[in-house]
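For reference, the structure is listed below as structure tokens.
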Amino acid sequence: MLGISVRQLEVFVSIAATGTVGAAAERLFVTQPAVSMALAELERQLNTRLFDRERGRLHLSLRGKELLPMAQEVIERIHEMLRQTGEQPQQLTGELRVGASNTIGNYLVGELLGPFVAQHPQVSLQVSVENTARIASSLLEHRIDVGCVEGPVNHALLDIIAWRDDALVVCAAPSHPLAQHTDLKTRHFKDAQWILRERGSAMRVMAEQALTSLPPGRILLELGQVEAIKQAVIAGLGIACLPQAATQDAVAVGRLKILHTPFLNLHRRLSLVLHKSRYRGALIDAFVLSLFAENS
Numbered sequence: 526m527l528g529i530s531v532r533q534l535e536v537f538v539s540i541a542a543t544g545t546v547g548a549a550a551e552r553l554f555v556t557q558p559a560v561s562m563a564l565a566e567l568e569r570q571l572n573t574r575l576f577d578r579e580r581g582r583l584h585l586s587l588r589g590k591e592l593l594p595m596a597q598e599v600i601e602r603i604h605e606m607l608r609q610t611g612e613q614p615q616q617l618t619g620e621l622r623v624g625a626s627n628t629i630g631n632y633l634v635g636e637l638l639g640p641f642v643a644q645h646p647q648v649s650l651q652v653s654v655e656n657t658a659r660i661a662s663s664l665l666e667h668r669i670d671v672g673c674v675e676g677p678v679n680h681a682l683l684d685i686i687a688w689r690d691d692a693l694v695v696c697a698a699p700s701h702p703l704a705q706h707t708d709l710k711t712r713h714f715k716d717a718q719w720i721l722r723e724r725g726s727a728m729r730v731m732a733e734q735a736l737t738s739l740p741p742g743r744i745l746l747e748l749g750q751v752e753a754i755k756q757a758v759i760a761g762l763g764i765a766c767l768p769q770a771a772t773q774d775a776v777a778v779g780r781l782k783i784l785h786t787p788f789l790n791l792h793r794r795l796s797l798v799l800h801k802s803r804y805r806g807a808l809i810d811a812f813v814l815s816l817f818a819e820n821s
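If you count the sequence shown from 1, position 286 lands on 811 in our numbering, and the numbers rise without skipping.
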């Protein structure tokens with residue numbers, strides 16, 4: 526009979542989340558030797574190596590990746606049982622790791638996460654801002670619990686949940702020649718100078734698809750950040766497709782103008798992404814419900 530303890534499972538989950546014994550010890554408020562001993566005992570009882578050691582960090586082994594969702598489920602079910610029996614406060618507690626792609630993380634995070642934080646103040650919410658591909662990778666490696674993305678994701682191990690509609694807009698400096706037109710046609714974009722995101726980004730793919738509906742232009746700059754593109758457009762260097770949420774502040778003070786382009790399809794769907802094997806306990810369920818409530 527295995528004698529696996531909840532503490533050993535917590536050590537396993539914490540090391541998987543932090544990548545080092547020291548960080549896991551700090552997170553669990555125990556000593557590093559105690560963490561090392563708990564991990565060693567768990568690996569001994571399971572007769573398997575849960576982590577590979579590489580450059581001072583611990584990375585989940587193939588077997589570790591298989592067992593991590595089970596360990597997370599056991600811990601979360603115990604917390605839920607304690608809440609139901611009154612042995613633990615009814616208020617949700619714990620840690621939730623969210624990956625948000627650039628537009629969501631930089632421009633919508635307060636609007637979307639604020640209500641959840643206010644309703645569940647005991648939950649520690651950790652948000653990392655990365656591109657869609659890296660968020661998918663983090664989910665597959667169990668480094669985050671939920672992904673909020675603007676780009677397409679297609680992987681057999683991931684669940685993609687359609688979440689909310691969003692749109693890009695074509696914008697220019699108010700002094701730009703295209704900003705002077707009241708009735709823009711596709712022909713007006715001939716030889717336009719564009720400022721785009723880097724290749725491989727979801728925003729770049731969508732902008733390139735839209736540009737196929739326009740006469741040939743020139744890509745003047747490729748930049749890796751939305752804010753950098755916005756500042757280049759404000760400076761009059763060219764025009765760009767940007768998330769509408771990213772343009773609102775500059776439009777409000779007259780530094781940027783949104784061009785009316787009904788002939789372009791710039792609508793997109795934001796999605797929530799979860800690992801299929803990840804147990805969706807009360808904490809993840811509450812977070813997802815909160816996001817959909819804000820969208821209703």
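Ideal Cβ positions, reconstructed from N, Cα and C, are used throughout, including at glycine. In this text the structure is predicted, and so the values were computed from the model without any measurement.
Beta-carbon contacts of residue i that lie in its chain and below 7 Å, excluding the five residues immediately before and after
i      : result
GLU675 : SER626, THR628, ILE629, THR657, ASP691, ALA727, ARG793, LEU795
ALA770 : THR628, TYR632, LEU633
ALA549 : VAL536, SER539, ILE540, THR543, VAL560
ALA775 : LYS755, ILE759, LEU781
Contacting residues, own chain, Cβ-Cβ under 8 Å from residue i (five flanking each side not counted)
i      : result
LEU745 : GLN718, TRP719, ILE720, LEU762, GLY763
HIS680 : ALA661, LEU665
ALA818 : PRO640
LYS566 : One detail in the question is off: residue 566 reads as Glu in this sequence, not Lys. Cβ neighbours of GLU566 beyond the five flanking positions: GLN533.
LEU585 : ALA541, LEU575, PHE576, ASP577, LEU593, GLU666, HIS667
LEU703 : ALA697, LEU709, HIS713, PHE714, ALA717, ILE764, LEU784
ARG743 : ASP716, ALA717, GLN718, TRP719
GLU752 : ASN631, ALA771
ARG722 : MET728, ARG729, ALA732, GLU747, LEU748, GLY749, VAL751, ILE754
ILE603 : VAL531
For residue j and residue i, the rounded distance between their alpha carbons
i      : j      : result
VAL634 : VAL694 : 20 Å
GLN705 : ASP684 : 45 Å
PHE641 : ILE809 : 11 Å
MET526 : GLN647 : Confidence in MET526 is poor, its pLDDT being 46 and thus under 50, which makes the residue's placement unreliable; the coordinate value appears in the next sentence. In a straight line, the C-alpha of MET526 is about 36 Å away from that of GLN647.
GLU601 : MET731 : 39 Å
ARG578 : LEU587 : 13 Å
ARG729 : ALA757 : 16 Å
VAL546 : VAL536 : 9 Å
GLY624 : ARG552 : 20 Å
GLN734 : LEU791 : 9 Å
TYR804 : GLU636 : 27 Å
ASP670 : LEU564 : 22 Å
LYS801 : LEU682 : 6 Å
ARG569 : GLY581 : 22 Å
ALA807 : LEU816 : 14 Å
GLN750 : VAL654 : 12 Å
LEU828 : THR707 : Here the chain comprises residues numbered 526 to 821, so residue 828 is not present and cannot be evaluated.
ALA596 : GLY589 : 10 Å
ASN572 : MET562 : 15 Å
LEU638 : THR556 : 33 Å
CYS766 : GLY619 : 39 Å
For residue i, the three-state DSSP class (helix, strand or coil)
i      : result
LYS782 : strand
GLN756 : helix
GLU666 : coil
PHE576 : strand
HIS706 : coil
HIS792 : strand
VAL599 : helix
LEU767 : strand
ILE529 : coil
ARG724 : coil
GLU568 : helix
LEU650 : strand
HIS680 : coil
Contacting residues, own chain, Cβ-Cβ under 6 Å from residue i (five flanking each side not counted)
i      : result
LEU748 : ILE754
HIS645 : LEU617
ILE715 : Looking at the sequence itself, residue 715 is Lys, so the reference to Ile does not match. These residues qualify, in order along the chain: PRO740.
GLY672 : GLY624, ILE660, LEU664, VAL798
ARG622 : GLN651, ILE669, ASP670
Residue i versus the options, residue with shortest Cα-Cα distance
i      : options                        : result
SER530 : ASP716, VAL599, PHE812, THR786 : VAL599
VAL538 : LEU682, PRO699, GLU591         : GLU591
THR543 : LEU583, GLY528, THR556         : LEU583
SER700 : VAL652, VAL654, ARG780         : ARG780
SER738 : TRP688, THR786, LEU571, ALA550 : THR786
Buried/exposed call for residue i, threshold 16 Cβ in 10 Å
i      : result
LYS782 : buried
ALA777 : exposed
SER663 : buried
ARG724 : exposed
GLY528 : exposed
PHE788 : exposed
PRO558 : exposed
PHE812 : buried
LEU607 : exposed
Cβ-heavy atom distance, residue i to the ligand MN, below 7 Å
i      : result
MET728 : The ligand MN is absent from the structure shown, which contains no ligand whatsoever.
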